[in-house]
Each structure stands twice: as C-alpha cells, then as structure tokens.
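The structure appears below as structure tokens.
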Amino acid sequence: MINSLKVTCLFIGAIVGAGFATGREIVVFFRGLSVLTPILAGLITGAMCAVFLLFGKIELKGKIGRVVSNCLDYMMFVSMVVTYMVMCSAAEELTRQCFKIGFVGLVSGVLFAILSMFDIGFIKNISLIMVAVIIAFVIFIAAGTPLSVSGGIDLPIAIKYCAMNMLGGGYLISREGKAMRGRHIALCATLCGVICAALLGMVYAIATTQTGAPMPVFAAAKVKGYGAVGGLLILLAVMSTMLGAGRIIYVTTRRLCGNALVPAIFLMGIAVISYTLDFERAVEIFYPPLGTLGEALCAVAIVILIATAVVKIRKRYTLKL
Numbered sequence: 001m002i003n004s005l006k007v008t009c010l011f012i013g014a015i016v017g018a019g020f021a022t023g024r025e026i027v028v029f030f031r032g033l034s035v036l037t038p039i040l041a042g043l044i045t046g047a048m049c050a051v052f053l054l055f056g057k058i059e060l061k062g063k064i065g066r067v068v069s070n071c072l073d074y075m076m077f078v079s080m081v082v083t084y085m086v087m088c089s090a091a092e093e094l095t096r097q098c099f100k101i102g103f104v105g106l107v108s109g110v111l112f113a114i115l116s117m118f119d120i121g122f123i124k125n126i127s128l129i130m131v132a133v134i135i136a137f138v139i140f141i142a143a144g145t146p147l148s149v150s151g152g153i154d155l156p157i158a159i160k161y162c163a164m165n166m167l168g169g170g171y172l173i174s175r176e177g178k179a180m181r182g183r184h185i186a187l188c189a190t191l192c193g194v195i196c197a198a199l200l201g202m203v204y205a206i207a208t209t210q211t212g213a214p215m216p217v218f219a220a221a222k223v224k225g226y227g228a229v230g231g232l233l234i235l236l237a238v239m240s241t242m243l244g245a246g247r248i249i250y251v252t253t254r255r256l257c258g259n260a261l262v263p264a265i266f267l268m269g270i271a272v273i274s275y276t277l278d279f280e281r282a283v284e285i286f287y288p289p290l291g292t293l294g295e296a297l298c299a300v301a302i303v304i305l306i307a308t309a310v311v312k313i314r315k316r317y318t319l320k321l
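Residue 283 in our numbering sits at position 283 of the sequence shown, with consecutive numbering throughout.
The following block contains the structure:
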C-alpha cells in the first residue's frame, strides 16, 4: 500500500507543474467551462494511470516492438525537454515576481539535473513529501472560494488534458507497474483519480477568480493575503515536475549515449538556454500540441494493451491437436 501511495505521488508530482499550479494551464484548457470538466479530467486521469501501469508489464519484442518502443521513448524525450524548459522559465519568473530573487530558474534547473541521477526510489520519497505539502497549500488557498458548476461539460477537452498529463506522468510510472499486483494498480489508479479530480477542481475554482493574470492562482492568493503561500505552492509544484521530467530525460539520454554524466550536463544546458523564456507565452504555445501528442500516446498504449489481451485469450482457449 505504501508503494502505491508513493507511485501516486510520483505521478501527481510529475503533472502539477507551473502550468497546473499557477492556474494558467487550467485556464487555457477549461476557460468558460463548468468546474465539472476539470474534475472529469481528473477522474479520467486516474483510469489512464491504470492503463499505463498495466502497459509497464508488457515487453515489446521483435522489430515492430522495438520500433514502437523507440518511437515512444523519443516522443517522451521531446515532450519532457519542452516541459523542463517551461519549468525553468516558470521558476525564474515566479521567484522574480513573488520574492524579487533572480536566477532561481537557472539554479533549480542545474540542481534537478544532478538529482535526476539518483535512483527512482529516492525520487519517489521526495515526491511523497512534495505532493503532501502541495495538497495542503491548495486546500489552504481554496478555502472559502466559491465553486460554480455553471457552464458546459466538454468531454474531448477533458480527455485532451488528461492525455497531456500522461505524456510525463504516465510514462514515468509505467516502469513501476511491472512489479505491481493488480490490486495495487487499482489502488494507485483510484488514488490518482480522486486526488487529481480534487486538485483540478480546487485550482480551477481559484484560477477563475483571476483569469486575466499570468499566474491566476498566485494573483488570487495575493488578493487573499496569502501571496507567499501561493508563491511557495507554485515553486514547489514546478520543482516536483522538474524532478519527474529530469528523470525521464536522464534515463533516455543515458540509454542513447551510455554515459552517466552526459545526461546531467545536457539538462544543465537546457536550464541555461531556457530560464529566461516568457512563461505565459510558452504555456500557450507548447501545451496544446503536447495534449495532442499525449492523445496519440494514450491511443497507442490502449491498442497495445487490447492486442496483448486478445493474444493471451486466444492462446488460452485454443485447442491444440
């Protein structure tokens, strides 16, 4: 059970980055819709967690399997490089606005490049602590915020948002599924769905009070007199996503070059060239296409799972004479 909780936090930590925690990403996807749409997206996300954990049990063999596996790896690599860049810019812009401190995006990018070299067990423990604090901060800021269900429910948007999150979070936890039993996968998926739905609902409620701000959650927290808490929430969320994205980039790059130091140096280079990017513009440019890419990934994972199940059933019920 403890491992299921850690895997849940590993996933949530990977998706609650700057776009999520600032509310900017939530506004881009769900503007004008009922709060039930982001809540629905959270529940779908939980179901997709089960898909990716089960997907982690499948070994892709043969020429086609290797091609598919390589394509998925490169897809993840590109999306996580983009995510790491956006997180570096978010950390920089956030700390300059909230705390009048510069170069935090650069320093955090370099720091998490180093942390990405640690094993997944260490990273899961860090994610557990980070996510617990993030949830507490979101509840604190959301307290007293009115929750309106007015507006439409858009299932395609909910699916697209979920798919974008599966790019990083789903791929990151898929390797954990290999050693997990069915009941632990079910528990992990349930926890992911409930927590994601609750967080999305609360963040959306907060963000809709300040939709015109570059960082709606921070602006809303500042209005309530909780500017420092809002700033720390977003910074912590940024760093948790940098941790997950950095780990995926590190593992993929090391597999390609066979060297332990080159991936860390590569991540540091990303931080150097991206920490001065315009965060708001980066989210609006990069995140919708990542949602489309995520839909493709989810579709591939589901097709492979179904194909694997069909093959197993046919083998089980085929009479050999």
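Just so it is clear, CB atoms sit at the ideal spot from N, CA and C, and this is done for glycine as well. Please read these numbers as outputs of a predicted model, since none were measured by experiment.
CA-CA distance, residue i and residue j?
{"i": "glycine 244", "j": "cysteine 49", "result": "15 Å"}
{"i": "valine 311", "j": "phenylalanine 118", "result": "37 Å"}
{"i": "cysteine 9", "j": "leucine 43", "result": "16 Å"}
{"i": "threonine 22", "j": "isoleucine 159", "result": "21 Å"}
{"i": "histidine 184", "j": "methionine 1", "result": "7 Å"}
{"i": "alanine 237", "j": "glycine 182", "result": "29 Å"}
{"i": "glycine 17", "j": "methionine 239", "result": "7 Å"}
{"i": "alanine 179", "j": "alanine 219", "result": "43 Å"}
{"i": "isoleucine 173", "j": "isoleucine 134", "result": "19 Å"}
{"i": "leucine 319", "j": "leucine 36", "result": "For leucine 319, the pLDDT reaches just 43, beneath the cut-off of 50, and the residue's location in the model is therefore unreliable, although a value from the coordinates is still provided. Each residue's Cα considered, the two are about 49 Å apart."}
{"i": "cysteine 162", "j": "valine 194", "result": "14 Å"}
{"i": "tyrosine 226", "j": "phenylalanine 140", "result": "9 Å"}
{"i": "asparagine 259", "j": "glycine 144", "result": "51 Å"}
{"i": "alanine 309", "j": "alanine 205", "result": "40 Å"}
{"i": "phenylalanine 99", "j": "valine 217", "result": "16 Å"}
{"i": "glycine 62", "j": "glycine 169", "result": "27 Å"}
{"i": "leucine 321", "j": "asparagine 3", "result": "A caution first: leucine 321 carries a pLDDT of 38, below 50, which makes its placement in the model unreliable, though a value can still be read off. Leucine 321 and asparagine 3: Cα-Cα distance of roughly 45 Å."}
{"i": "glycine 121", "j": "arginine 66", "result": "27 Å"}
{"i": "tyrosine 317", "j": "isoleucine 58", "result": "Residue placement at tyrosine 317 cannot be trusted, given a pLDDT of 49 that sits under 50; what the coordinates show is reported in the next sentence. About 21 Å."}
{"i": "proline 214", "j": "threonine 252", "result": "33 Å"}
{"i": "phenylalanine 112", "j": "serine 150", "result": "41 Å"}
{"i": "leucine 267", "j": "cysteine 257", "result": "14 Å"}
{"i": "leucine 33", "j": "isoleucine 265", "result": "42 Å"}
{"i": "alanine 197", "j": "alanine 41", "result": "7 Å"}
{"i": "isoleucine 26", "j": "valine 262", "result": "35 Å"}
On the three-state DSSP scale, how would you describe residue i?
{"i": "lysine 320", "result": "Because the pLDDT of lysine 320 is 45, which lies under 50, any placement of that residue in the model is unreliable, and the question is left without a value."}
{"i": "glycine 152", "result": "strand"}
{"i": "leucine 33", "result": "strand"}
{"i": "glycine 225", "result": "coil"}
{"i": "threonine 95", "result": "helix"}
{"i": "arginine 294", "result": "Checking the sequence, you will find glycine at residue 294 rather than arginine. Three-state result, glycine 294: helix."}
{"i": "alanine 179", "result": "coil"}
{"i": "serine 118", "result": "The residue you asked about is not serine; residue 118 is phenylalanine in the sequence shown. Here phenylalanine 118 sits in coil by DSSP."}
{"i": "tyrosine 275", "result": "coil"}
{"i": "phenylalanine 286", "result": "helix"}
{"i": "proline 214", "result": "coil"}
{"i": "isoleucine 173", "result": "helix"}
{"i": "lysine 100", "result": "coil"}
{"i": "methionine 75", "result": "helix"}
{"i": "methionine 87", "result": "helix"}
{"i": "glycine 144", "result": "coil"}
{"i": "methionine 1", "result": "coil"}
{"i": "threonine 208", "result": "coil"}
Check each candidate in the options and name the one with the smallest Cα separation from residue i.
{"i": "glutamate 92", "options": "Thr276, Val300, Ile141", "result": "Thr276"}
{"i": "isoleucine 15", "options": "Met80, Ala309, Val251, Ala205", "result": "Met80"}
{"i": "methionine 76", "options": "Gly201, Thr95, Arg247", "result": "Arg247"}
{"i": "lysine 124", "options": "Gly225, Phe11, Gly294", "result": "Phe11"}
{"i": "glycine 56", "options": "Thr209, Arg175, Cys257, Leu293", "result": "Arg175"}
{"i": "valine 330", "options": "Pro216, Ala197, Met242", "result": "This structure gives no information on residue 330, because the portion of the chain shown stretches from 1 to 321."}
{"i": "isoleucine 273", "options": "Val68, Ile39, Leu33, Val107", "result": "Val107"}
{"i": "arginine 281", "options": "Val28, Asn3, Val7", "result": "Val28"}
{"i": "isoleucine 234", "options": "Leu40, Phe137, Gly269, Thr145", "result": "Phe137"}
{"i": "lysine 222", "options": "Gly168, Leu290, Leu256, Leu94", "result": "Leu94"}
{"i": "valine 131", "options": "Phe286, Glu295, Val110, Leu191", "result": "Leu191"}
{"i": "valine 86", "options": "Gly109, Asp73, Val68, Leu128", "result": "Gly109"}
{"i": "valine 300", "options": "Ser69, Ala47, Thr83, Ile114", "result": "Ser69"}
{"i": "leucine 155", "options": "Ile39, Leu290, Ala307", "result": "Ile39"}
{"i": "phenylalanine 30", "options": "Val78, Phe286, Thr45, Gly152", "result": "Gly152"}
{"i": "alanine 189", "options": "Gly19, Leu53, Leu128", "result": "Leu53"}
{"i": "leucine 115", "options": "Ala198, Tyr250, Arg24", "result": "Tyr250"}
{"i": "valine 82", "options": "Ala228, Val203, Gln97, Leu293", "result": "Leu293"}
Against chain B, does residue i count as a neighbour if the rule is that its beta carbon must be under 8 Å from one of theirs?
{"i": "alanine 90", "result": "Among the chains of the structure shown, chain B does not appear; only one protein chain is present."}
Kindly provide the ranges of any alpha helix (DSSP H) runs that are 4 or more residues long and lie completely inside the region 218-266, ordered along the chain. Fully contained in the region 218-266 are the following alpha helix (DSSP H) runs of length 4 or more, in chain order: 227-257.
Along the chain, which unbroken stretches of the alpha helix (DSSP H) at least 4 residues long are found entirely within the region 14-65? Taking only runs of at least 4 residues, the alpha helix (DSSP H) segments lying wholly in the region 14-65 are 18-22, 24-30, 36-55.
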